[in-house]
Amino acid sequence: MKSWLLALPLIGLGCTAAAHPLSSPASVGTSTDTQTTASQLCAPLDAEHLSAHYLIKNEAGQSWQIRLLRKDRNLIVQRLAQADVQKQAGQQQVQSFESWTQDGEYVRYFPREKRSITYRKGDLRALNIQYDGDSLYHLVPSKLTTELEPGAQSQQGCFATQTYRGERHGVSMDLAWIPALALPYGFSHHQGQDALSYQLVDASPLSAAEFDAMIADYQDLDFADVGDSESDPFIAKMIHQGFIQHGGSGFYDSEGRPLADGGHGH
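Residue numbers (this note's numbering): 4 to 269.
Written out as structure tokens, the structure reads:
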């Protein structure tokens, strides 16, 4: 059996109805009227059942967006390049998205084809892929809140935030943390000429039924069977388009670096 690997997008550091309105730090007011207006617009959010939408930019001015959906400890991650954002606004489906279960299994979904490919825990272990559930769930390692120096607390739109700043492994970091959601409101890190920033755009309630509906009725294929399924038109198409690649894990760690895969490069 050939060894084929899914080519996965970089999803983050570890990446609506009743959406929470957000204000940039420069525009957040401190008056009683402003705070009252914001509180009136803020719908209650359950940290374990939500959809959070982030804008990400790098030092080259490139940008993309990530939407993180939570159902308990199960996650769905959608990633859009900036060029795809307008398509998404026009109700066109994303080309693919991914999910991680609380047990550490990974699934890549292809909405147009209603197909999915699943990595079992044994597949991940065989590929020397470590499941970093903490960074996936929080988009950044939650231990940053203990490793960085705490700063000011502030109200950003609907969210009470705590800021942190410091250096970790030679990387300068700034984090605005939302304790109630265990998610960043904003995050940036710099190392030399390299820089990356995350900014929360909106957050919305998400029911378990809505989460489940997103991944229902897909025809699934185990990763272990991909090499024996090259005659399947869907698998052949995914290989041709680069979604499935030979060699290289395609997985990234919590700081966006390709994970080790036993000697193959990505």
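Glycine included, C-beta positions come from ideal geometry on N, C-alpha and C.
Note that the structure is predicted; figures quoted are calculated from it, not measured.
query	result
Roughly how many angstroms separate the alpha carbons of residue 116 and residue 217, rounded to a whole number?	14 Å
Provide the residue(s) that pair with residue 176 in DSSP beta bridges, ordered along the chain.	169 and 192
Is it the case that the Cβ atoms of residue 185 and residue 50 are separated by a distance below 7 Å?	yes
Which residues does DSSP list as the beta-bridge partners of residue 223?	119
According to DSSP, residue 126 sits in a beta bridge with which residue or residues?	Answer by DSSP bridge pairing: none, since residue 126 is not bridged.
Let me make sure I understand the geometry here. Which of 148, 191 and 79 has the alpha-carbon closest to that of residue 60?	191
Skipping 5 residues on each side, what residues in its chain have a beta carbon closer than 6 Å to that of residue 77?	104 and 105
Can you check DSSP and say which residues form a bridge with residue 140?	DSSP lists no partner for residue 140.
With respect to the beta strand (DSSP E) encompassing residue 321, which residues constitute its N-terminal and C-terminal limits?	There is no way to answer for residue 321, as the model of the chain reaches only from 4 to 269.
Rounded to a whole number of angstroms, what is the C-alpha to C-alpha distance between residue 226 and residue 126?	7 Å
Going by Cα to Cα distance, which pick from 48, 54 and 68 is closest to residue 279?	The structure shown does not extend to residue 279, since the chain is modelled only from 4 through 269, so no value can be given for it.
Starting from residue 216, trace the alpha helix (DSSP H) in both directions and tell me its first and last residue.	211–217
Quick check on residue 26: does DSSP put it in helix, strand or coil?	Confidence is the limiting factor: at residue 26 the pLDDT is only 40, short of 50, which leaves the residue's position unreliable, though a coordinate-based value still follows. Reduced to three states, the DSSP call for residue 26 is coil.
Beta-carbon separation of residue 209 and residue 53 under 7 Å?	yes
Within 10 angstroms of the Cβ of residue 95, are there 16 or more other Cβ atoms? Answer buried if so, exposed if not.	At residue 95 the pLDDT is 47, less than 50, meaning the model places this residue with poor confidence and gives no usable figure here.
Start and end of the beta strand (DSSP E) containing residue 150?	First-last for residue 150: 147–150, but that is the alpha helix (DSSP H), not the beta strand (DSSP E).
Which residue from 65, 63 and 58 puts its Cα closest to that of residue 71?	58
Taking Cβ to Cβ, would you say residue 112 is nearer than 7 Å to residue 100?	yes
So, under 8 Å CB-CB, residue 150 and residue 169 are touching, yes? Tell me the CB distance rounded to an integer number of Å.	7 Å
Please confirm whether residue 164 and residue 157 have their CB atoms less than 7 Å apart.	yes
Just mark residue 236 as buried or exposed, buried being the case when its beta carbon has 16 or more other beta carbons within 10 Å.	exposed
Over the uninterrupted beta strand (DSSP E) stretch that includes residue 270, give me the two end residues.	Only positions 4 to 269 of the chain appear in the structure, and residue 270 is not among them; the question remains open.
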